[in-house]
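Under this note's numbering, the letters of the sequence shown match residues 52 to 496, in that order. Yeah, the Cβ is synthetic: ideal placement off N, Cα and C, and Gly gets one too. Just so you know, these numbers come straight off a predicted model, no measurement behind them.
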Amino acid sequence: MNAQVDKVYEQVVARNRGEVEFHQAVREVLDSLTPALEGHPEYTENGLLERLVEPERQIVFRVPWVDDAGNVQVNRGFRIEFNSALGPYKGGLRFHPSVNIGIIKFLGFEQIFKNALTGQGIGGGKGGSDFDPHGKSDAEVMRFCQSFMTELSRHIGPNTDVPAGDIGVGGREIGYLFGQYKRLRNRYDAGVLTGKGLGFGGSLARTEATGYGTVLFAQSMLGTKGDSLEGKTVAVSGSGNVAIYAVEKLQALGGKAVTISDSSGYVVDEAGIDLDLLKQVKEVERGRVADYAARRPGARVATGGSVWQVPCDVALPCATQNELDGDAAATLVKNGCGVVAEGANMPSTPEAIEVFQKAGILYAPGKAANAGGVATSALEMEQNASRTRWDFETANAKLTDIMADIHDSCVETAERYGQPGNYVLGANVTGFTRVADVMIAHGII
Ligand code: GLU
């Protein structure tokens, strides 16, 4: 790291005490920017790094609601409007008990560069709450979403800030949030949220987009070595929207996903995950991976260790941040894994990334590999703005092109900076440069 980068990082730590995930995300980006800063004094002169690490606006609010037993519950809501250089703030909402301001800030920071990589004119933001939708009735989830939107509606709009889903926020939650926004504002702003139902402005392929995109990215990485996913054994973590559609796309491309996981453990299914059963258990019944294993002959549930102990050619971490540590990375490499593409945001710890890079395997950070979700959100905004609806093939073809473009931009940037195959440098420098140049054009704001 150079001295300026060190200084900015230290200031981030001092100013955002205890927000360890945010510190980690900043460090990972800043570490790889040194080559881009050298030879570009304008970035330093314009205080680019100092401005980039400070969110434009941070909204923290009380979310009171009444549970089915008549008790008053209070959660905390967040929306971090991080950077609007390239367009309206864009990024999901996460509802999970682990949510705090540091988690939302790390996600918002990552989103800036991810969204820049898509090339679609969207800024970076993120929000959420420490509300846990698991075990809540539909009516409780609805009342929570209505209370959350009662405050959030003051801050968002199709040209201001456009939230979407993330962990714990899917089609059901987006529906309740949209209904309450429409009622409060008396505006049918279809483009104020993405990930909507197909009957009220949602885009075909949005549900599939993050998982599909991650697999397409892995396929492109393998392509640089003249290889493909055909016949590959793949370890997938998670069992939410990203994991399910990663499994679907893998199967379409001839790969075999042999694992899924959730917070209670993981399932190994050597014969290959049964996609219909997985969808039934997770999407229809909102069940656990153990329910899948109970109904799938030959599948076994493991509670100790992690999914990364299962030998594989390709690993797709699709669960959550820091789910893959240095030891797990060493095990993957030892077992012959040659490709890691992140479907989740920051699932690999810094130690794990170091192991992958030292071993020289293909490793793609989430901000590049999982950008297909937000890219398709931007396609949804495009359809809403022009009051049109594309068929699945059209949306999917655009997603496929965008993922190929992100991959190629990362490869090209890494080569230009003398580090071929370094997707971390490729993604961070490409995203940073696009945002930084526009921030300079906009002046000191
Ligand atoms: N939460 C997703 C992400 O991490 C999608 C955000 C969006 O569609 O706006 O990129």
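- Distances from the alpha-carbon of Met454 to those of Gly153, Asp320, Val266 and Ala370 put Val266 closest.
- Residue pairing by DSSP places Tyr317 opposite Ser312 and Ala353 in a beta bridge.
- One Cα belongs to Ile491, the other to Leu137, and the distance between them is close to 12 Å.
- Secondary structure within the region 237-297: the beta strand (DSSP E) runs of 3 or more consecutive residues, fully enclosed, are 284-287 (chain order).
- Taking 8 Å as the upper bound for CB-CB distance, Gly252 and Ala241 are in contact here, some 4 Å apart.
- Residue Gly170 holds the alpha-carbon nearest to the alpha-carbon of Ala419 among Glu101, Gly170, Gly208 and Gly494.
- According to the DSSP assignment, Arg108 belongs to the beta strand (DSSP E) that extends over Arg108 to Val117.
- Looking at the backbone, the Cα of His185 and that of Gly128 are separated by about 17 Å.
- DSSP, reduced to helix, strand and coil, places Pro401 within a helical segment of the structure shown.
- A distance of 7 Å or more separates the beta carbons of Gly175 and Leu144.
- Between the C-alpha atoms of Arg467 and Pro86 there is a straight-line separation of about 10 Å.
- The C-beta distance from Ile218 to Gly291 rounds to 7 Å, short enough to meet the 8 Å contact threshold.
- With a beta-carbon spacing of about 31 Å, Asn67 and Lys187 fall beyond the 8 Å limit used to define contacts.
- Under the DSSP assignment, Ile495 falls outside any beta strand (DSSP E); it carries neither an H nor an E label.
- Secondary structure of Arg467 (DSSP, three-state): helix.
- When beta bridges are read from the DSSP output, Pro214 appears opposite Gly142.
- Excluding the 5 residues flanking it on each side, Ala322 has same chain C-beta neighbours closer than 6 Å at Gly349, in chain order.
- The criterion of a C-beta distance shorter than 7 Å is satisfied by Glu431 and Arg257.
- Around Glu96, the same chain offers no residue with a beta carbon nearer than 7 Å, after the five sequence neighbours per side are excluded.
- Leu280 and Ala269 have their alpha carbons spaced roughly 8 Å apart.
- Between Val220 and Phe164, the CB-CB gap reaches or exceeds 7 Å.
- Here the alpha carbon of Val365 sits roughly 42 Å from the alpha carbon of His493.
- Every beta strand (DSSP E) of 3 residues or more that sits fully in the region 124-191 is shown, in chain order, as 140-146 and 175-180.
- Within the model, the alpha-carbon separation for Gln372 versus Gly289 is close to 11 Å.
- The C-beta separation of Ala297 from Gly262 comes to about 4 Å, placing the pair in contact by the 8 Å criterion.
- Contact between Ala215 and Ser357 is ruled out by a C-beta separation of about 29 Å, above the 8 Å threshold.
- When secondary structure is reduced to three states using DSSP, Leu375 falls in the strand class.
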